[in-house]
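Student: Sending over a structure as structure tokens; questions will come in a sec.
In my numbering, the protein residues as written are 1 to 1119.
Shown next, in the form of structure tokens:
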């Protein structure tokens, strides 16, 4: 940043710096203006540009390929406006010449300067071919993999206009910063009359090249430039320095500038464990400093009592340390030290920083004297070396523990084991040996420090220890010393080591999985088609086991980590208070049980429905209730119901079972949490049967629907070479295609409002009534399956030919039968039939025998996991996948690309299903063109179009169609925003009563014509409360998953979160392109997004996260 009189000239570094901390940038500007004296000044002569960030030899190959006729631009001799303008003019002149490339290009528009390492001219309009990351091959109908196996795919862009330039930029700190530099240069190149290639090349110091699309970066850059100009203008209009706490500007709270202000103002963020949302609630209650928090004598509304008590004690300890100058800590639960293991000669101490992994061991001499600390450095780019070291050491020291302190080593090891094809026993042994010291510290101790980072903790517990440096070796040595100090504290309190038993391998992989994996990994350079199929099938066999693993990890973490760290987890309710509805009672032969009512606030996501299995957690010891020292006791329970009380707090009623061997107790739980899932034996057996079919046929791959789907082969047809064309009637074309399938599948992608349910019903009707097919309908939920059965009856299938067990629809027209009557129903269906159900119905061979159906329709194939589709697919000769691809929930780490939906497997990285694999329903009867346009552009590659004959016949008086944003300023809100809730009520009031015309029908807009969507359950409750107080009924409010298949004239979307730092699960989930477009596509006329203007004031960490941010900006017009 440079000052030229009253004009501020910025570079990309300032743009990135503002995205990280606006306060720090403005404080630097104050320093330049002489308003403050700060030790963290920015040298005004230092004005880094992307054109000069790395040595020139990084682009030697480009120079050699283009010859000596390239033009090199010398950097500005001084950081002055005249010099920058002169370099800019020379760069533009070089672009207008015939030079094949311009090195060191520098641009200046009067307020912003940017540099590009190389601009290469492209005079031909040929498509640009770029390399994409490695992906699975598309195996053709012949079953052969294309040449190159799993090599990179080429991506063909649209033709480039003549005289365009390809941008090469340098990356030093991050690729995102480099993309911002590229976007800045691209804009200035276009402003001077030249075209730019839509793909930008980024090179780092090692010469490695990565290629990214420029479009998303350009959108984000434009928004960041607008924001940067706004805060600089606002600052320059004032005569005083920027004030700490000015809510107009974001502050990170971590940088040197912020830390200095935190200390000076005694800010609450100095208290360890203080979350921004809790800080905002405390400040609203008048508790603004550490001193006031320590002196507070009552709780604060909206802050859990336990959370408030812990933070107050934390503040007291920190103040004691400040006053006495001596280390201050308190042992709050000495029993937690029992989780420590007995020291073993083979113990390992690890630390992780990015892709680097440090491993330390303590080696003792033959005389048993003091050990020598040995350090080994590894990298995740060579995972085999790290895994071999740990496995070999574990083989020689079976009782070793792998100690770490709040590091991502658990996820990292699981990922590395999956990538390297390590067997489950080895992976489980390594993961079972991990022991995190952080939960032990948090459970047993309170320390008088501003954070619970390793240097702070060790510095307080062991003041004489060597200070912890930033390198991995020092971190590993500090972990060792912390382990020793915790053992000393345990001995002082007479606590004997009683660690949690090492996790044993509860689910042994099937022998067929091991055999397939061995076959799949037996290759030199590339896999054959059979090996690729074996690798995919092995990954499918272990899919559910790997998906359950993180859920079990999360449950274990909840047993010993502070409640505040997991309170916002979906399905969790932290109770402010609890009461007993019915005391312990014994009925017949059933275990003793009691009925409880817990009141508090649910985390994110939907409330658990009745019948959901949960666990109750106890913070204090309960007599006879099994618990490991340092861990919370739990009991099994079942959700009976959910409601809101008079204060609109969440109330959950549960039935709690008395654990075996435990006497009745009076203690009440502090929380309910999800019960870790178990295995589905029928599902596993169905997958094993499919895997055996593959194993006996290798190296050939069976020609069945399941393997066509798994290998992503094109649908195989009896006679035709291509799928039938559509001549106005999709149902007719799909029916003809299904009839021609040769034990294969067909994919149908139907976006919102395209009539996919009706289309599927008409296909089924023709197959049953005309060709007497036995058709199954499977879905993830009863509502999805039964909706299709209702549609099938409406289009003409006799109700007595349609059946399903476990009926949820009230008084359905079709038959409700017992599950054990499925075989007889199918045997008697000589004229065809339709049976519906969930996954369990079609994987149970006693209900639906393998290959007993002519067709299985997966009604929500966009949400249906691939592994489950393979399992249920064995019940039918052919598969029909219909839906719209969506990202699947879950965090399992898989060795192959199996964590996707069945339809997503076919669509792949394309926006829509390729024409060779199925059909795309391209007309929506729901969305107005102004709503459909942005949705189609952002999600469907502009293929989705509005049926204007229907959609243009609608009109809402006084409301423009389309998507628009309504900014609402608020601060410190995470999962609940009263400000946005009030704005939602205002919007609803302004809409009700307006004239709503649909064709020839004209009426007033009713409450049921409005949907309110928000990502968090807490905000749902807040909006419902305000609507109720405003006496507005029948407006449906909920999270996005509640509105599948629903539509309304107007959709209101409350984003809720104030700023990126407040997002409970990060911005990836909140700004998910799929989530937003799904919510918007519920609207027939308009979608209104209510959000904080600070919500998008950030830069993602990786380039892969840029498209979602750019999509939100484009959707809401925020750029």
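We treat Cβ as the ideally placed atom computed from N, Cα and C, and that holds for glycine.
Quantities reported herein were computed from a predicted structural model and do not represent experimental measurements.
1. Pull the bridge partners of residue 749 from the DSSP assignment, please.
2. Check whether the Cβ of residue 175 lies closer than 7 Å to any heavy atom of the ligand MN, and answer yes or no.
3. Looking only at DSSP bridge pairs, what is residue 168 linked to?
4. Give the straight-line distance between the Cα atoms of residue 987 and residue 1048, rounded to the nearest whole angstrom.
5. Return helix, strand or coil for residue 836, following the three-state DSSP convention.
6. Contact check, residue 775 vs residue 854 under 8 Å by CB: the rounded distance?
7. So, is residue 961 buried or exposed, given that buried needs 16 or more other C-beta atoms within 10 angstroms?
8. Please state the DSSP three-state secondary structure of residue 72.
9. With distances taken from CA atoms, which of 485, 1102, 401 and 1057 is nearest residue 1090?
10. In whole angstroms, what separates the C-alpha of residue 13 from that of residue 1066?
11. When you compare each of 862, 865, 861 and 834 to residue 852 by their alpha carbons, which one comes out closest?
12. For the segment 205-289, list the alpha helix (DSSP H) runs that are entirely contained and at least 4 residues long, ordered along the chain.
13. Hey, could you find the ends of the alpha helix (DSSP H) residue 426 is sitting in?
14. Do residue 740 and residue 761 have their C-beta atoms within less than 8 Å of each other?
15. Below 8 Å between beta carbons: does that hold for residue 84 and residue 103?
16. Compare the C-alpha of residue 558 against each of 837, 614 and 632 and name the closest.
17. Determine the direct distance from the alpha carbon of residue 527 to that of residue 55, and round the result to whole angstroms.
18. Using only the alpha-carbon positions, how far apart do residue 311 and residue 888 sit?
19. Go ahead and pull the three-state DSSP assignment for residue 865.
20. By Cβ distance, which residues of its chain are closer than 6 Å to residue 707, with the 5 residues on each side in sequence left out?
21. Spell out the partners DSSP gives residue 1120 in its beta bridges.
22. Leaving aside the five residues before and after residue 424 along the sequence, list all residues of the same chain whose C-beta is less than 6 Å from its C-beta, in chain order.
23. What whole-angstrom Cβ distance do residue 885 and residue 856 have, given they're in contact under 8 Å?
24. Would you grab the beta carbon distance between residue 539 and residue 898 for me? Rounded to a whole angstrom, and I think it's under 8 Å.
25. State the CB to CB distance for the pair residue 455 and residue 441, rounded to an integer number of angstroms; the pair is presumed to be in contact (CB under 8 Å).
26. Taking the C-alpha atoms as reference points, what is the distance between residue 829 and residue 433?
27. Give the DSSP-derived three-state secondary structure of residue 762 in the structure shown.
28. Have a look at residue 254 and residue 260 and give me their C-alpha separation to the nearest angstrom.
29. With a cut-off of 8 Å, do at least 3 Cβ pairs link the segment 647-657 to the segment 678-695?
30. For residue 998, report the span of its beta strand (DSSP E) as first-last.
31. If I'm right that residue 831 touches residue 745 with Cβ under 8 Å, what's the distance once you round it to whole angstroms?
32. Take residue 787 as the anchor and find which of 1075, 1074, 1081 and 756 has the nearest alpha-carbon.
33. Which residue marks the beginning of the beta strand (DSSP E) containing residue 527, and which one marks its end?
34. Between the Cα of residue 943 and the Cα atoms of 859, 613, 670 and 750, which residue gives the shortest distance?
35. Alpha carbons only, please: which of 845, 973, 429 and 1022 is nearest the one belonging to residue 283?
36. Does residue 2 come out as helix, strand or coil in the three-state DSSP assignment?
Tutor: This is what the structure gives:
1. 883 and 920
2. As far as ligands go, the structure on display features none, and thus does not contain the ligand MN.
3. 118 and 201
4. 15 Å
5. strand
6. 7 Å
7. buried
8. strand
9. 1057
10. 24 Å
11. 834
12. 214-236, 256-265 and 276-284
13. 424-432
14. no
15. no
16. 632
17. Here residue 55 scores only 49 on pLDDT, less than 50, and its place in the model should not be relied on; the value that follows carries that caveat. Those two C-alpha atoms are separated by around 39 Å.
18. 37 Å
19. strand
20. 701
21. Only positions 1 to 1119 of the chain appear in this structure, which leaves residue 1120 out of reach.
22. 509
23. The Cβ separation is near 19 Å, so there is no contact.
24. 5 Å
25. Actually they are not in contact, since the Cβ atoms of residue 455 and residue 441 sit about 13 Å apart, beyond 8 Å.
26. 56 Å
27. helix
28. 10 Å
29. no
30. 995-998
31. Going by Cβ atoms, the distance from residue 831 to residue 745 rounds to 25 Å, so no, they are not a contact pair.
32. 756
33. Element bounds for residue 527: n/a, residue is neither H nor E.
34. 750
35. 973
36. strand
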